[in-house]
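A.B. asks: Quick one: the structure is below, questions incoming.
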Amino acid sequence: MSQQGPIIVVSGGESALPAAALAESRIGPVTDATWRDAAETVARVQPAAVLAAHDSPDELTALARQIEAHQPYVPLIVFDPAGPLPHNALPFTGLRSNAARLAVRLKAALRVRTLHATVLCRLGHAHASPAHLPPTDPLQDATVLLIGRGASYPALSVALGERTGVVGALSIEAAAKHLNARDLDGVVIGDGFSPRVVEAFVQVLSEDSRFRHLPVILTGDTVSGQNHDLPNLEIAPAAETVTRALPLIRQNAFALRLHRALQSIDAGGLLDPRTGLLTQDAFARDFANTVIDAKARGAALSAVRLSLPSSAPRARLDAARILSRLMRRMDFATLHDDASIVIAFPETDQRTTRMITRRLASVLKQTIVSSRKDGRFDPEVTFATLQPGDNVDTIIERLRSSDHRAAS
């Protein structure tokens, strides 16, 4: 793998074990550094990644801050952490027992670096495109699937919910539905399941290319990571599950953000990199042209407005991303600033539109957790169909009217 820079291994003691693991996987070149000269080495050689022992926490914090300022993304992987880590430090446990997995973890992180470099290059050449990378912490966009039904589940749900969106599943079957319905940034498996059930579920994740690079964090030691092709599998004590999970979740959320940015660049900036839907300006232009075309040909045209809970910004983005995956290729939509999603259905009559909308709303209700006390995410739905004498303004006015019909 070409990573456009050396790998720095920082340690206060022996660094032969990680260097040997990288050499066996033909990842290099590798540069050794001590904590005394780590900062100077990073500044001098501009590394593609840094691997560090957790034997000098204060120096590690300073090094992590230095690395975070580099672009493109420079992964920082810390061996066998014995305490809290900087927010951009990826944990790796089991160096002595399973050093071969280090190279797998590093390759996965370097793919994110390559993706970031590609996006930066494309943005540099797309001067006329409004596409951009949001400056916010990727954790603000992240959604984590929490699976469990044991005593640790409530505490894990609260701790994860303070930093990310959380989708809970009390069974493996419910977890599978969420995995197939939405983009997730990590899977945390708590207690309450037998080792055989957890082993089988992890094996399924490793065999599906859609989920292979997801961070998967297990509480306890019921499963061995050696038997699964999951580069971001971590096994952590219950008390450290969230702190071990968050850096890996942040990296995955960053990768998804980069993928959406690339899609936006490829579309000439017409797609919102936050959601994958059209930007508001692009939707307005396309909808106006679609209305004109439908009137000229006497074709059907319908539109739907989903009014989402205004107090749940994360849920709104989640809903928009889910809809971007579920919509037909001929349909298009946008997320408005007033917490509504407007969807256009070309060549579609009112009856078919209602049927499609009921299905979409049902998926949203079953998939998204609201901040309401009852936990329901229940969008209000308004329909509008092209009528003789209509124009864009009259259709939009009907969509924004207070006379709405719930899709249920």
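To convert, take the position in the sequence shown, counting from 1, and add 155; that gives my numbering. Using N, Cα and C, we set each Cβ at its ideal position, and we do this for glycine too.
1. Ile302 and Val342: beta carbons closer than 8 Å?
2. Would you call the segment 200–208 and the segment 261–273 in contact, with 3 or more CB pairs under 8 Å?
3. Going by beta carbon distance, what residues of the same chain come within less than 8 Å of Ile162, once the five residues before and after it are set aside?
4. With DSSP collapsed to three states, give me the class of Glu535.
5. Taking Phe532 as the reference, which of His287, Ser462, Ala488 and Pro293 has the closest Cα?
6. Looking at Leu401: is its Cβ nearer than 8 Å to the Cβ of Leu294?
7. Suppose you measure from the CA of Gln521 to the CA of Ile498; what does that come to, to the nearest Å?
8. Hey, does Thr189 have any beta-carbon neighbour from chain B nearer than 8 Å?
9. Let me check one thing: in DSSP terms, what residues is Ala437 bridge-paired to?
10. Suppose contacts are defined by Cβ-Cβ distances below 8 Å. Is Pro501 in contact with Met485 by that definition?
11. Rounded to a whole number of angstroms, what is the C-alpha to C-alpha distance between Asn387 and Leu425?
12. Can you pull the DSSP bridge partners for Leu413?
13. Using 8 Å for Cβ pairs, my map puts Val459 next to Asn546. What's the rounded Cβ distance?
14. Check Ile523 in the structure and name its three-state DSSP category.
15. Verify whether the separation of the beta carbon atoms of Ile496 and Ala474 is less than 8 Å.
16. One question on the structure: do Leu245 and Pro173 come within less than 8 Å of each other, judged by their Cβ atoms?
17. Mark Asp363 as exposed unless 16 or more other C-beta atoms lie within 10 angstroms of its C-beta, in which case mark it buried.
18. Quick check on the DSSP output: the alpha helix (DSSP H) that includes Asp384 runs from which residue to which?
19. So within the segment 192–217, which uninterrupted alpha helix (DSSP H) runs reach at least 4 residues, ignoring any that extend past its ends?
20. For Gln221, which residues from the same chain have a beta carbon less than 8 Å from its beta carbon, with the 5 sequence-adjacent residues on both sides left out?
21. Could you round the C-beta distance between Thr489 and Phe538 to whole angstroms and report it? I think they count as a contact, below 8 Å.
22. Enumerate in chain order the residues of its own chain whose CB-to-CB distance from Arg415 is below 6 Å, with the five nearest sequence positions on each side excluded.
23. Helix or strand or just coil, what does DSSP make of Arg480?
24. Under the assumption that Leu515 contacts Leu456 (Cβ atoms under 8 Å), give the Cβ distance between them as a whole number of angstroms.
25. Going by Cα to Cα distance, which pick from Pro241, Met510, Pro309 and His271 is closest to Leu347?
26. Considering just the uninterrupted stretch of the alpha helix (DSSP H) at Gln279, what are its terminal residues?
27. CA-CA distance, Leu231 and Arg399?
28. Ends of the alpha helix (DSSP H) at Arg337?
29. Would the beta-carbon of Phe366 fall within 8 Å of that of Leu334?
30. Does the Cβ-Cβ distance between Ala324 and Leu300 come in under 8 Å?
31. What first and last residue would you give for the alpha helix (DSSP H) that runs through Ala355?
C.D. replies: Looking at the coordinates:
1. Remark: C-beta atoms of Ile302 and Val342 approach each other more closely than 8 Å.
2. Contact check between the segment 200–208 and the segment 261–273: three or more CB pairs, one atom from each, fall below 8 Å, which counts as touching.
3. Cβ within range, chain order: Leu177, Ile182, Gly183, Pro184, Val185, Thr186, Pro202, Ala203, Ala204, Val205, Leu206 and Leu261.
4. Strand, per DSSP.
5. Among His287, Ser462, Ala488 and Pro293, the Cα nearest to that of Phe532 belongs to Ser462.
6. Yes, they are a contact pair.
7. Those two C-alpha atoms are separated by around 20 Å.
8. Considering every chain present, this structure includes no chain B. It has just one protein chain.
9. Partner(s): none; Ala437 has no beta bridge.
10. The Cβ atoms of Pro501 and Met485 sit closer than 8 Å to each other.
11. C-alpha separation (whole angstroms): 33 Å.
12. Note: Leu413 sits in no beta bridge, so no partner.
13. Actually they are not in contact, since the Cβ atoms of Val459 and Asn546 sit about 18 Å apart, beyond 8 Å.
14. In the displayed model, Ile523 falls within coil according to three-state DSSP, outside both helix and strand.
15. A contact, by the Cβ cut-off of 8 Å.
16. Between Leu245 and Pro173, the C-beta spacing is not below 8 Å.
17. Asp363 counts as exposed, since fewer than 16 other beta carbons sit within 10 angstroms of its beta carbon.
18. Careful: Asp384 lies outside any alpha helix (DSSP H) and carries neither H nor E.
19. With a minimum length of 4 residues, the continuous alpha helix (DSSP H) runs that stay inside the segment 192–217 are 193–200.
20. Within the same chain, Ala194, Val197 and Ala198 come within 8 Å of Gln221 by CB-CB distance, once the 5 residues on both sides are set aside.
21. Not quite, the Cβ-Cβ distance comes to about 17 Å (not below 8 Å), so this is no contact.
22. Answer for Arg415: Pro428 and Gly431, listed in chain order.
23. If DSSP states are grouped into helix, strand and coil, Arg480 belongs with the helices.
24. Contact flag wrong, Cβ pair sits at about 18 Å.
25. Residue 347 is actually Gly in this sequence, not Leu. The shortest Cα separation from Gly347 among Pro241, Met510, Pro309 and His271 belongs to Pro309.
26. What sits at residue 279 in the sequence shown is Gly, not Gln. Unbroken alpha helix (DSSP H) run through Gly279: Ala255 to His280.
27. Cα-Cα distance, rounded: 14 Å.
28. Bounds of any alpha helix (DSSP H) do not take in Arg337, whose DSSP letter is neither H nor E.
29. One thing to note: Phe366 has its Cβ within 8 Å of the Cβ of Leu334.
30. Using a Cβ distance threshold of 8 Å, Ala324 and Leu300 count as a contacting pair.
31. First-last of the alpha helix (DSSP H) with Ala355: Pro350 to Glu362.
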